[in-house]
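The structure appears right after this line, and notes come after that.
2 protein chains.
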Amino acid sequence: MELTTAEENYLKAIYHLSEEGKKSVSTNDIAASIQTKPASVSDMLRKLGEKEVIQYRKYYGLQITPLGMRLALQTIRKHRLWEVFLVDKLHFAWDEVHEVAEQLEHIQSTLLIERLDAYLNYPKFDPHGDPIPDAFGDVRSRPRIALQEMGIDQSGQIVAVKDSSPAFLRYLDKVGAYIGARIKVLDKVEFDGSVEILVDQKKTLFMSKDVANNILVLTS
Amino acid sequence: MELTTAEENYLKAIYHLSEEGKKSVSTNDIAASIQTKPASVSDMLRKLGEKEVIQYRKYYGLQITPLGMRLALQTIRKHRLWEVFLVDKLHFAWDEVHEVAEQLEHIQSTLLIERLDAYLNYPKFDPHGDPIPDAFGDVRSRPRIALQEMGIDQSGQIVAVKDSSPAFLRYLDKVGAYIGARIKVLDKVEFDGSVEILVDQKKTLFMSKDVANNILVLTS
DNA sequence: CTTATTTTTTAGAACTATCTAATTTAATTT
DNA sequence: AAATTAAATTAGATAGTTCTAAAAAATAAG
Ligand SMILES: [Mn+2]
Ligand SMILES: [Mn+2]
Ligand SMILES: [Mn+2]
Ligand SMILES: [Mn+2]
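Line by line, the protein sequences are chains A and B. Take the first sequence: its letter number 41 is residue 40 in numbering that gives the first Met the number 0, and every next letter is one higher. Take the second sequence: its letter number 29 is residue 28 in numbering that gives the first Met the number 0, and every next letter is one higher.
Structure follows, in structure tokens:
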């Protein structure tokens, strides 16, 4: 059973929204996340239901099936492997890869993706710190929390970003926050939720609640 | 002005047929070369005419415009660079690349193709010996003739293949004919056009007219 | 427990790409 | 030059994706 490019994009969006812990994924959420209209989503949900990658009862909601999960993870695997390729081999900046990977993820060739994986030395994480599912769709995810949720004096390591938009990533580049950086929370401002951190025991950094919410940390 | 994937495929086919020296490219030729029906071709020719990548008068024929030429060469450049990537970096066999490159050539990103070119060290030829146009669409093509057209005792070097089908390429692998091989024509059979050649001054090889017609040689 | 609001779905249209069958035009034969 | 054959185009359908506007269903408010 083959999915079209559009179907793969919808399914991926549904998978991501499901993972965000939301009780259920709404038509409007999907529409917002892939910049389309709710009417188009309703139509696609019916189709995805027929293809049995989701279980769908109209007006009631949906749930990904095991098959849908497997297919979504395959697409995510391809997306993230291509991102690694673009950064590691073609020297793209981490804020330049998403749009291209969005296209490359739809190339159909099992051989290609296996060879790419080997060529990149079986990477476990993409340039944004997100885990790369293996060929069977298994993902080993690390326990990670938003920087915003850390307490004063708590230490950890930046392992991923929640937001992969160029604007956010370039901001992080500018202030010197990067994946792998060791950090410690020096202060938190009650009033606006902003945070002051120490990066690599050298540099202090102030960041808004918004920013701190989009940085994921492995605490130590 | 952007072309769709289908439009790029048609334009590429038209370009290739034009290059084959045919006086003019027929609707049926195009249909045959991209496995589609003449009716679909007529429809697409009208659209390509409107987009001014070809000049088209119905029932009379068509001609690629300079714009169409430029766009076709861009797609061909991408196709061939990806083929080099697949063979050189991902260790695909030369008969395994075409189908995947057929997809990859449609990825839209100028940065990607520039970086890929640099990463591959600005290759001049693809795995089948076909020249890779530069970023401006310039192709430097070598004077080459079909092995079938060589005379007895004439020497040369295999530089390309006309047919890139897996069946043909695997046959060449099997008998030990490869791009770069130095050859000399030992005998030609009048009756059926078959040829006997010496490869790398070591090995003699018999091949049918059909095979000899699809091997391109740079004579010395 | 009605009424209002929000969410979701359907109806109808547009655009792309493709096909089969019918028609039109061009090229060949007699 | 008329008749036949071949090539090319048009007509009409189907399938996929997306949109706007309208309708229906579910949820929230009074
Ligand atoms: Mn995509
Ligand atoms: Mn990523
Ligand atoms: Mn193609
Ligand atoms: Mn090639």
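Where is the CB? At the ideal position from N, CA and C, for every residue including glycine. Predicted, not measured: the structure shown is a model, and the values here were computed from it.
If you check each beta-carbon in the stretch 75-94 of chain B against every beta-carbon of chain A, the ones closer than 9 Å belong to L85, K88, L89, H90, F91. Shown here for F84(A): same chain residues with a beta carbon closer than 7 Å to its own, the five before and five after excluded, namely L115, L119 in chain order. Taken in chain order, the unbroken stretches of beta strand (DSSP E) that lie wholly in the stretch 135-191 of chain B and span 3 residues or more are 154-160, 181-187. Assignment of K208(B) by DSSP, reduced to helix, strand and coil, places it in the helix class.
Contact between V40(B) and I53(B) does not hold, since their C-beta atoms are separated by about 12 Å, which reaches or exceeds 8 Å.
Assignment of T35(B) by DSSP, reduced to helix, strand and coil, places it in the coil class. Partner residues in the beta bridge of T218(B), as assigned by DSSP, are G155(B). Closest in C-alpha terms to V24(B), from the list K57(B), K50(B), L2(B), comes K57(B). Residue state for Q62(B) is assigned as strand, using DSSP reduced to three classes. Going by beta carbons, P126(A) and V138(A) fall outside the 7 Å limit. In terms of beta-carbon proximity, R114(B) lines the interface with chain A, with at least one pair separated by less than 7 Å. Between the beta-carbon of V184(A) and that of Q153(A) there is about 5 Å, and that keeps the pair under the 8 Å contact cut. The beta-bridge partner set that DSSP reports for P130(B) consists of F124(B). When the five nearest sequence neighbours on each side are left out, the beta carbons in the same chain lying within less than 6 Å of the beta carbon of R69(B) are those of G136, in order along the chain. Residue side-chain check: D162(A) keeps its Cβ at 6 Å or more from all non-hydrogen atoms of ligand 2. For the options G192(A), T74(A), R79(A), I214(A), the alpha carbon positioned closest to that of L2(A) is the one of T74(A). Short of 8 Å from the beta carbon of K50(A), and not among the five residues preceding or following it, lie these beta carbons of its own chain, in chain order: M0, L2, E6.
Neighbours of S108(B) across chain A, judged by C-beta separation under 7 Å: V99. When Cβ-Cβ separations below 7 Å define contact, L215(B) makes no contact with chain A. Shortest Cα-Cα distance from T109(B) to any of F91(A), F124(A), Y121(A), L111(A) involves F91(A). In the three-state reduction of the DSSP assignment, Q73(B) falls in the helix class, which pools H, G and I.
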